[in-house]
Ligand code: C2E
Ligand code: MG
Ligand code: MG
Ligand code: MG
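Numbering (mature numbering (1 follows the signal peptide of the UniProt record, and there is no 0)), first residue to last: 246 to 527.
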């Protein structure tokens, strides 16, 4: 009896494992096909000044236009990183961001565009070379580029990577630490990093309008960010109440569904146009 039960459990476990392995293999095959068939796209989420409401830039976010429907990075990024396919996908993202910056600038829309980069990409020696080449080829000015690196990556990247980031920053790019508050920061290191902005993770923002302690924590983090000479950006703002609190406690830049959802290029440009008169009368 016990033996059968034991075997039953082992079988269930193996079946689950086999199914998982098949799913992972299929995802890898599909990712390779997606690269080949150009199934990736970028959407753009606006960032606005907390004080004036004026648009100050946008974050480019990756989407996979899968035959079964649009997929979010959460469903495929990890696999892309494990397989190294993120390097190819990331190069496509960087080239597309450079082309987009240049295209918008030609239309008279000088918007700073932020690009996300993951550990595996930045560890790849060619990343900064490709980035520079893409910006040059598109004739996109570095001052319109923002690079987002996660807090965890910022805390652990090598001296070589830090130097490359510093060089990019000297050329005029903005450097942002993403998802701040989800990792463990060494504050002495944070202070010495070549960065301009710190993006407070959604988990720090979520309860600011309903919980006094959460508001105090966010305010302290914003104070810390200002203390190291950086701008504080709040991400994942879902309500006007959260936005109002963030304005009061000194946050510089706001981003989230309550400000504007990630949009396709045409919608984003229309959104940015709509903002202009509002800015003039503000
Ligand atoms: P992230 O850089 O922290 O981006 C913010 C995520 O929060 C985005 O999810 C965005 O759509 C979502 N978001 C924005 N406003 C709100 C809000 O008000 N509420 C909530 N609940 N969510 C909001 P998304 O697009 O699914 O991207 C997830 C993560 O995938 C990103 O987190 C980033 O780390 C990564 N990622 C996205 N695009 C790229 C890319 O091109 N390259 C790399 N390496 N990573 C990327
Ligand atoms: Mg980001
Ligand atoms: Mg983030
Ligand atoms: Mg995040």
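Even for Gly, the Cβ is constructed at its ideal location relative to N, Cα and C. Model, not experiment: these values are computed from the prediction.
Just mark residue i as buried or exposed, buried being the case when its beta carbon has 16 or more other beta carbons within 10 Å.
i           : result
residue 267 : exposed
residue 381 : exposed
residue 493 : exposed
residue 472 : exposed
residue 313 : exposed
residue 297 : exposed
residue 526 : Residue placement at residue 526 is poorly supported in this model, since its pLDDT is 46, which falls under 50; the coordinates are not used for a value here.
residue 507 : buried
residue 371 : exposed
residue 246 : Low confidence applies to residue 246: its pLDDT is 46, below 50, so where it sits in the model is not reliable, and the reading given next is rough at best. Its Cβ having fewer than 16 others within 10 Å, residue 246 is exposed.
residue 517 : buried
residue 505 : buried
residue 398 : buried
residue 259 : exposed
residue 433 : exposed
residue 248 : The pLDDT assigned to residue 248 is 48, lower than 50, so where the model puts this residue is not dependable; a value taken from the coordinates is nonetheless given after this. Classification of residue 248: exposed, given that the 10 Å Cβ count is below 16.
Does the Cβ-Cβ distance between residue i and residue j come in under 7 Å?
i           : j           : result
residue 295 : residue 496 : yes
residue 340 : residue 379 : yes
residue 305 : residue 362 : no
residue 207 : residue 349 : The structure shown does not extend to residue 207, since the chain is modelled only from 246 to 527, so the question has no answer here.
residue 427 : residue 441 : no
residue 332 : residue 358 : no
residue 443 : residue 477 : yes
residue 447 : residue 481 : yes
residue 453 : residue 500 : no
residue 451 : residue 424 : no
residue 265 : residue 303 : no
residue 498 : residue 366 : no
residue 461 : residue 449 : no
residue 309 : residue 278 : no
residue 353 : residue 387 : no
residue 334 : residue 520 : no
residue 438 : residue 479 : no
Where does the unbroken beta strand (DSSP E) through residue i begin, and where does it stop?
i           : result
residue 416 : Run containing residue 416: none; DSSP gives neither H nor E here.
residue 357 : 357-362
residue 394 : 390-395
residue 187 : Not covered by the structure: residue 187. The range shown for the chain is 246 to 527.
residue 458 : Run containing residue 458: none in the beta strand (DSSP E); it sits in the alpha helix (DSSP H), 457-472.
residue 300 : 300-311
residue 478 : 476-479
residue 314 : 314-316
Counting along the chain, where does the alpha helix (DSSP H) carrying residue i start and finish?
i           : result
residue 350 : 330-351
residue 493 : 485-493
residue 375 : 372-383
residue 435 : 432-437
residue 449 : 447-450
With distances taken Cα to Cα, identify the nearest neighbour of residue i among the options.
i           : options            : result
residue 502 : 334, 262, 290      : 290
residue 324 : 520, 471, 274, 494 : 274
residue 327 : 270, 299, 282      : 270
residue 413 : 425, 375, 517      : 375
residue 422 : 383, 391, 405      : 391
residue 435 : 466, 351, 272, 458 : 466
residue 329 : 377, 364, 318, 354 : 364
residue 287 : 439, 345, 277      : 345
residue 400 : 490, 430, 280      : 430
residue 276 : 262, 322, 261      : 322
residue 197 : 263, 262, 351, 490 : One cannot answer for residue 197 here, as it falls past the ends of the chain, which runs 246 to 527.
Task: Pocket of ligand 2 defined by Cβ to heavy atom distance under 6 Å - done: Those satisfying the condition are, in chain order, 304, 361, 393, 423.
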